[in-house]
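Peer 1:
In my numbering, the protein residues as written are -18 to 337.
#1: Answer yes or no: do residue 70 and residue 58 have a C-beta to C-beta separation smaller than 8 Å?
#2: If contact is defined by three or more beta carbon pairs under 8 Å, each pair taking one atom from either stretch, is the region 246 to 260 in contact with the region 161 to 174?
#3: Within 10 angstroms of its Cβ, does residue 306 collect 16 or more other Cβ (buried), or is it exposed?
#4: Determine the DSSP secondary structure at residue 304, reduced to helix, strand or coil.
#5: Helix, strand or coil, according to DSSP, for residue 16 in the structure here?
#6: What does DSSP give as the partner residue(s) for residue 238 in the beta ladder?
#7: Start and end of the alpha helix (DSSP H) containing residue 48?
#8: Does any C-beta atom of chain D lie closer than 8 Å to the C-beta of residue 54?
#9: Would you decide whether residue 64 is buried or exposed? Buried here means 16 or more other CB atoms lie within 10 Å of its CB.
#10: Is residue 76 helix, strand or coil when you go by DSSP?
#11: Use the C-beta contact count for residue 84: other C-beta atoms within 10 angstroms, 16 or more gives buried, fewer gives exposed.
#12: Looking at the strands, I want to know which residues DSSP matches up with residue 155.
#13: Please determine if the region 104 to 119 and the region 44 to 62 are in contact, where contact requires at least 3 C-beta pairs separated by less than 8 Å.
#14: If we ignore side chains and look at the alpha-carbon of each, how far apart do residue 0 and residue 143 end up?
#15: Measure the C-alpha to C-alpha separation of residue 246 and residue 146 and round it to an integer number of angstroms.
#16: Sorted by chain position, which residues of the same chain lie with C-beta nearer than 8 Å to residue 206's C-beta, five sequence neighbours on each side aside?
#17: What does DSSP give as the partner residues of residue 269 in its beta bridges?
#18: Which residue wins for smallest C-alpha separation from residue 15, given the options 237, 30, 270, 103?
#19: For the beta strand (DSSP E) that contains residue 202, what are its first and last residues?
#20: Check each candidate in 35, 252, 192, 188 and name the one with the smallest Cα separation from residue 202.
#21: On the CB-based measure, 16 or more other CB atoms within 10 Å of its CB, does residue 274 come out buried or exposed?
#22: Pick helix, strand or coil for residue 246, following the three-state DSSP scheme.
#23: Would you call residue 164 buried or exposed, if buried means 16 or more other Cβ atoms sit within 10 Å of its Cβ?
#24: To which residues of the same chain is residue 277 closer than 6 Å at the C-beta, ignoring the five residues directly before and after it?
#25: Only counting the same chain, and skipping five residues up and downstream in sequence, which positions put a Cβ closer than 6 Å to that of residue 52?
#26: How is residue 178 classed by DSSP in three states: helix, strand or coil?
#27: Can you tell me where the alpha helix (DSSP H) with residue 326 in it begins and where it stops?
This is the structure in C-alpha cells:
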C-alpha cells in the first residue's frame, strides 16, 4: 500500500513540475520580450534583461502554482485512469478516498513551496530585480542603490531611503545634512514620507537632531516638509510592488501608509494573499480529482485537460478580478483575498460529493 501511495504522489508531483516548467518558460519568454523595450536605456543591456527575467522567475512560479496543481492532478490521475491503473488499485483494495487523500497530502508539499516562495524567495529576488533594473536604467549619478534601500545626494545632504512604495510613499528615511567643511549639522529620521505634487515630500513622525557647537538638541515633529529629491519617474522606477515585500515589511508599510493618510488596502490584500495562495493550491489538487472521479470519468484525457484548463483560467481570472473590484469597491482586504478561496472550495466540495 505504501508503495502505491508513493507512486501516486510521485506521479502527481512529476506532472505538476512538467506543466510548471512549460508554463514558466512560456511566461518568461513574454517577460523577456517586454524587457527588450528597456534595452539601451542608460546602461541596461541584454544581459540585464536576462538577469531580470531570472530574478522574477519565482514570482511567476508562485502565480502558476494553483493552476499547475489543477492541471497536474488532472493529467496525472487521468492518465493513470486511462491506463487502467486506478481500476487495478481499487481491485487491490485501495479506495478512491485513499487515492484522494494521498494526492492531497502530496499537494501539501506544493502548499509549503507556495508559502516559502511568497514569504522568503519572491520578496528577496523581486527586490534585487527591481534594484538591478533601476541601477541600470537610472541616469542620475547621485542615486546609489544598496542592499538596504538607496542613497540620494542633493547638495550637502545625503538621504537614505529604506523602501520606496509605488504610491509615492517612502518608508524609513534618514537625512544627513553637512556644512561646507563636511561637519554634520543635522540628522533627521522619518518613519514615512509622502510625495506631493512632485514638489516636496511631507515627512511623518519625525525625529530631528541638531548639532551646534558640539551640543546636540533633539526635537519631535509630527510632520516636516522636504524639497523633492526624486522625480516622479524615479519614484516609479524605484518603487516596490506589494508582492515584493515580506510579511514584516508589509505590516510596517501598511502602518506607514495609514499614518500618512494613504490607502493601504493594496498592501493588506498582498498580506492576506500570502495565506490564500497556498490554500488555493491545496484546494486545486482536490478539484482536479473531481474531474477524474466525477462526472467526466471514462472521458478522454484530452477532454479532461481542456475542461480543466478552461476552469483553471476562469478561476484565475476571477481571482485577479476580485483584487481589482475589491480595490474599486473599497472591500475588506480579507474578503478580497479569501472569497476566491471560499468560491473554489465550494465548487470542489460540490463536485467531490458526487464522487463519495
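Cβ atoms here follow ideal geometry from the backbone N, Cα and C, with glycine treated the same way.
Peer 2: To lay it out plainly:
#1: Along the chain shown, one-based indexing puts residue 70 at 89. Along the chain shown, one-based indexing puts residue 58 at 77. For residue 70 and residue 58, no; Cβs fall outside 8 Å.
#2: no
#3: Taking the first residue of the chain shown as 1, we reach residue 306 at position 325. Flag for residue 306 reads exposed.
#4: As a first step, residue 304 is located in the chain shown; it is residue number 323 there, counting from the start. Here residue 304 sits in helix by DSSP.
#5: Counting from 1 along the chain shown, the entry for residue 16 is found at position 35. Helix, per DSSP.
#6: As a first step, residue 238 must be located in the chain shown, where it is residue number 257. Residue 238 pairs with nothing; no bridge assigned.
#7: In the chain shown, residue 48 corresponds to position 67, counting from 1. Residue 48 -> alpha helix (DSSP H) spans 38 to 63.
#8: Here chain D cannot be found, since the structure has a single protein chain.
#9: Numbered from 1 along the chain shown, position 83 holds the residue referred to as residue 64. So residue 64 ends up on the exposed side.
#10: Along the chain shown, one-based indexing puts residue 76 at 95. If DSSP states are grouped into helix, strand and coil, residue 76 belongs with coil.
#11: Taking the first residue of the chain shown as position 1, residue 84 is located at position 103. Buried, since its Cβ has 16 or more Cβ neighbours within 10 Å.
#12: Translated into the one-based positions of the chain shown, residue 155 becomes position 174. Note: residue 155 sits in a beta bridge opposite 141, 170.
#13: no
#14: As a first step, residue 0 must be located in the chain shown, where it is residue number 19. As a first step, residue 143 must be located in the chain shown, where it is residue number 162. Rounded to the nearest angstrom, the two C-alpha atoms are 38 Å apart.
#15: As a first step, residue 246 is located in the chain shown; it is residue number 265 there, counting from the start. As a first step, residue 146 is located in the chain shown; it is residue number 165 there, counting from the start. So the alpha carbons of these two residues sit roughly 13 Å apart.
#16: The residue you call residue 206 lines up with position 225 of the chain shown. Hits under 8 Å: 181, 182, 183, 184.
#17: As a first step, residue 269 is located in the chain shown; it is residue number 288 there, counting from the start. Answer by DSSP bridge pairing: none, since residue 269 is not bridged.
#18: Stepping through the chain shown from its first residue, residue 15 is reached at position 34. Checking every option, the nearest Cα to that of residue 15 belongs to 30.
#19: Stepping through the chain shown from its first residue, residue 202 is reached at position 221. From DSSP, the beta strand (DSSP E) with residue 202 extends over 196 to 208.
#20: Residue 202 sits at position 221 when you count from the first residue of the chain shown. Considering only alpha carbons, the answer is 188.
#21: Reading the chain shown from its first residue, position 293 is the one you call residue 274. Residue 274 comes out buried.
#22: Stepping through the chain shown from its first residue, residue 246 is reached at position 265. Residue state, collapsed to three classes: helix.
#23: Residue mapping note: residue 164 aligns to position 183 of the chain shown, counting from 1. Exposed is the call here.
#24: If you number the chain shown from 1, residue 277 lands on position 296. Caution applies to residue 277, whose pLDDT of 45 falls short of 50 and renders its modelled position unreliable; the model cannot decide the point.
#25: Locating residue 52 in the chain shown gives position 71, where the first residue counts as 1. Contacts found: 0, 289.
#26: Taking the chain shown and counting its residues from 1, one reaches residue 178 at position 197. Looking at residue 178 - three-state DSSP - the assignment turns out to be coil, as it is neither helix nor strand.
#27: Stepping through the chain shown from its first residue, residue 326 is reached at position 345. Element bounds for residue 326: 314 to 334.
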